[in-house]
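Numbered by this note's numbering, the letters in the sequence shown go through residues 1 to 290 in order. Glycine included, C-beta positions come from ideal geometry on N, C-alpha and C. Remember, it's a predicted structure, so these values are computed and weren't measured experimentally.
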Amino acid sequence: MSSKGLFASIFVLLLLVVAANSLFIIKETERGVLLKFGEVVDENLKPGLHAKIPLVHKVRKFEARVLTLDYNPQSYLTQDKKPLIVDSFVKWRIKDVSKYYTATSGEEISASRLLASRVDDGLRRQFAQRTVHEVISGQRDELMQDLTKSLNQVVLADIGVELLDIRVKGIELPERVNEDVYKRMRSERNREAREYRSRGRELAEGIRADADRRQIIIKANAYRDAEKLRGEGDAQAAKIYAEAFNKDREFYSFVRSLKAYSETFKSEGDVMILDSDSDFFKYLGTPNAK
């Protein structure tokens, strides 16, 4: 190869090396900053092809997608001084690239450590404002929303990241606390049961009293109606007796005497000593007695 061809080859090779070190690509899933001797000169490189000056400029690329920070379970004290073992995770992403680079030197580990510290402090404050029952039963979602909203402004200003969500995977009670919680739950359930029983007894007494009152009223009404009917029947019977007596008094007297005889002499051993002239034997001694 001639010297001219050798120089041409070296020149082309140098051009390729310079081009390789002068051009760079920012992907859609990346965020980047352009540094000049360590100082940020372009804090938000858009996706695409870019140029730089070799040995003068330096490019730092960061993940633009949502990242997950999974914590080790931590112990927190509630408002009623009960420890809880909380397992949580955080969803976050880089929002302000320049501030992120300044605060963390572009190291994701440093960002995770700073973020973990702030979330840990926030969780500690939130749990300290609530009781065990509130945290476990009804206010966990509210707690996470409040914490995400309040911490997002802090971490965005401090390290340039956006806090998307904080979630609790699980809350466990230490073994020594379990029994206390169960005792309190049993006590509350027993108290509710006593209230229900007391209310039931009160309602039962009311029902019994109302039933007794109704019974007395029904019996009184029935007795009144029975006496009224009995009186009407007695009056009607007396009227019938009177009418029959007035039609044939002698026959009525004879029938009444026969009834008196049958009631008096029911058995063979019955004895009655009376004067033979007594009216009682009027129809026995003289069939045609008048």
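Compute the beta-carbon to beta-carbon distance between residue i and residue j, rounded to the nearest angstrom, for a pair I have assumed lies under 8 Å.
{"i": "V155", "j": "V86", "result": "Wrong, their Cβ atoms sit about 19 Å apart, outside the cutoff."}
{"i": "G106", "j": "R60", "result": "5 Å"}
{"i": "I326", "j": "A111", "result": "Not covered by the structure: residue 326. The range shown for the chain is 1 to 290."}
{"i": "L143", "j": "R130", "result": "7 Å"}
{"i": "R113", "j": "L151", "result": "Their Cβ separation, rounded to whole angstroms, is 15 Å, which puts R113 and L151 out of contact at 8 Å."}
{"i": "K52", "j": "S22", "result": "6 Å"}
Can you check whether the CB of residue j is closer than 9 Å to the CB of residue i?
{"i": "L67", "j": "L77", "result": "no"}
{"i": "T148", "j": "D120", "result": "no"}
{"i": "Y71", "j": "S88", "result": "yes"}
{"i": "Q126", "j": "D146", "result": "yes"}
{"i": "A64", "j": "E108", "result": "no"}
{"i": "H50", "j": "K36", "result": "no"}
{"i": "I94", "j": "V161", "result": "yes"}
{"i": "V132", "j": "L163", "result": "no"}
Keeping to the same chain, check which residues put their C-beta closer than 8 Å to that of residue i; ignore five residues upstream and five downstream.
{"i": "K81", "result": "none"}
{"i": "K183", "result": "none"}
{"i": "A128", "result": "Y76, L77, T78 and Q79"}
{"i": "I218", "result": "none"}
{"i": "G48", "result": "I25 and I26"}
{"i": "D42", "result": "V33 and L34"}
Among the options, whose alpha-carbon lies nearest the alpha-carbon of residue i?
{"i": "V33", "options": "Y101, I53 and K91", "result": "Y101"}
{"i": "L27", "options": "K46, E39 and R208", "result": "Reading the sequence as shown, one finds Lys at residue 27 and not Leu. The shortest C-alpha separation from K27 is found at K46."}
{"i": "Q79", "options": "H57, E134, T29 and V90", "result": "E134"}
{"i": "W92", "options": "Q153, N44, F254 and L55", "result": "Q153"}
{"i": "N44", "options": "L55, P54 and F62", "result": "F62"}
{"i": "M185", "options": "I136, D210, R213 and R224", "result": "I136"}
Enumerate in chain order the residues of its own chain whose CB-to-CB distance from residue i is below 6 Å, with the five nearest sequence positions on each side excluded.
{"i": "A103", "result": "I159"}
{"i": "F24", "result": "H50 and V59"}
{"i": "P73", "result": "I85 and D87"}
Report all residues from its chain with a CB closer than 7 Å to the CB of residue i; omit the five preceding and five following residues, and keep chain order.
{"i": "Y252", "result": "A244 and F245"}
{"i": "L296", "result": "Residue 296 cannot be examined here, being either before or after the span of the chain that is shown, 1 to 290."}
{"i": "R124", "result": "Y76"}
{"i": "E202", "result": "none"}
**Q.** Runs of beta strand (DSSP E) wholly within the region 211-259 (minimum 3 residues, chain order)
**A.** As far as the region 211-259 is concerned, it has no whole beta strand (DSSP E) run of at least 3 residues.
Q: Please list the segments of the beta strand (DSSP E) lying wholly inside the region 144-210, counting only runs of 3 or more residues, in order along the chain.
A: Runs of the beta strand (DSSP E) inside the region 144-210: 161-172.
Q. What residue ranges within the region 81-113 form continuous beta strand (DSSP E) runs of no fewer than 3 residues, ordered along the chain?
A. If we require 3 residues or more, the beta strand (DSSP E) runs fully inside the region 81-113 come out as 83-94.
Q) Which ranges does the beta strand (DSSP E) cover as unbroken runs of at least 3 residues, wholly within the region 18-65, from first to last along the chain? A) Entirely contained in the region 18-65, the beta strand (DSSP E) runs reaching 3 residues are, in chain order, 23-26, 30-36, 39-45, 48-51 and 57-63.
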